[in-house]
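I have placed the structure first, in the form of structure tokens, so that the comments after it can refer back to it.
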Amino acid sequence: MSVRRVFQDPAGFAGVGDVRIETMVRHYDITLDQEFDDQDGLETRYILLLDDTLPVATCRLHLENEAKIERVSVLPAYQHQGLGSKLLQEAEAWLKELGYYHIVITSRDEAVGFYEKNGYKRMDKAPLDAGLFVCIYVEKELGE
């Protein structure tokens, strides 16, 4: 399994799109417009995991006032193999290199346990009803 940091990388961005279309658009039957928003593009940072040359998992880094890890997606055939945790570790390492030490994730309610196992804590913030999913805020402080 190899890791690709995607930034200003058209081929890497295509791989990110492949994973998200398979995991979210097909699996949850949502539209492309619901999955891809104005935060997506070549100027956005992503982590992409590859099995040889096949894109199998991805997440998006959203950097504004705070660092957010978003759109964590692993192809169904690759789930429950530690790739979600690998994505988080790689994203956290890149965020630290960029000078971010506090990370926020909006998680689907059913995935909160996964984030808690990876050191994230629920925030004292009302859940977000995103229409398709109810999202819970979790956060983590990274050591310097």
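Positions -17 to 126 (the numbering used here) are the ones given, in order, by the sequence shown. Note that CB positions come from ideal geometry on N, CA and C, so glycine has one too. Only a predicted model underlies this, so the values are computations on that prediction, with no experimental measurement involved.
{"Item": "Reduced DSSP category for Glu4 - H, G, I as helix; E, B as strand; rest coil", "Value": "helix"}
{"Item": "Backbone CA spacing between Thr13 and Lys103 [nearest angstrom]", "Value": "30 Å"}
{"Item": "Among Phe96, Glu52, Lys78, Val56, the one whose alpha carbon lies nearest that of Gly(-3)", "Value": "Val56"}
{"Item": "Phe(-11) versus Pro109: straight-line alpha-carbon distance, rounded", "Value": "31 Å"}
{"Item": "Exposed unless 16 or more other CB atoms sit within 10 angstroms - verdict on Asp8", "Value": "Note that residue 8 is Arg in the sequence shown here, rather than Asp. With fewer than 16 Cβ atoms within 10 Å of its Cβ, Arg8 is classed as exposed."}
{"Item": "Leu31 beta carbon less than 8 Å from that of Gly(-6)", "Value": "no"}
{"Item": "Environment of Lys50 [buried if 16+ CB atoms lie within 10 Å]", "Value": "buried"}
{"Item": "Buried or exposed by the 16-neighbour rule on C-beta atoms within 10 Å, applied to Ser89", "Value": "buried"}
{"Item": "Boundaries (first-last residue) of the alpha helix (DSSP H) holding Lys68", "Value": "65 to 79"}
{"Item": "Inter-residue spacing [alpha-carbon to alpha-carbon] between Phe115 and Asp91", "Value": "8 Å"}
{"Item": "Assumed close pair Asn100, Leu70 - CB separation to whole angstroms, cut-off 8 Å", "Value": "5 Å"}
{"Item": "Residue interval of the beta strand (DSSP E) (run including Asp33)", "Value": "27 to 33"}
{"Item": "Inter-residue Cα distance where the pair is Thr35 and Glu123", "Value": "33 Å"}
{"Item": "Beta carbon of Glu72 nearer than 8 Å to that of Val(-15)", "Value": "yes"}
{"Item": "Bridge-paired residues (DSSP) for Ile12", "Value": "Per DSSP, none; premise fails for Ile12."}
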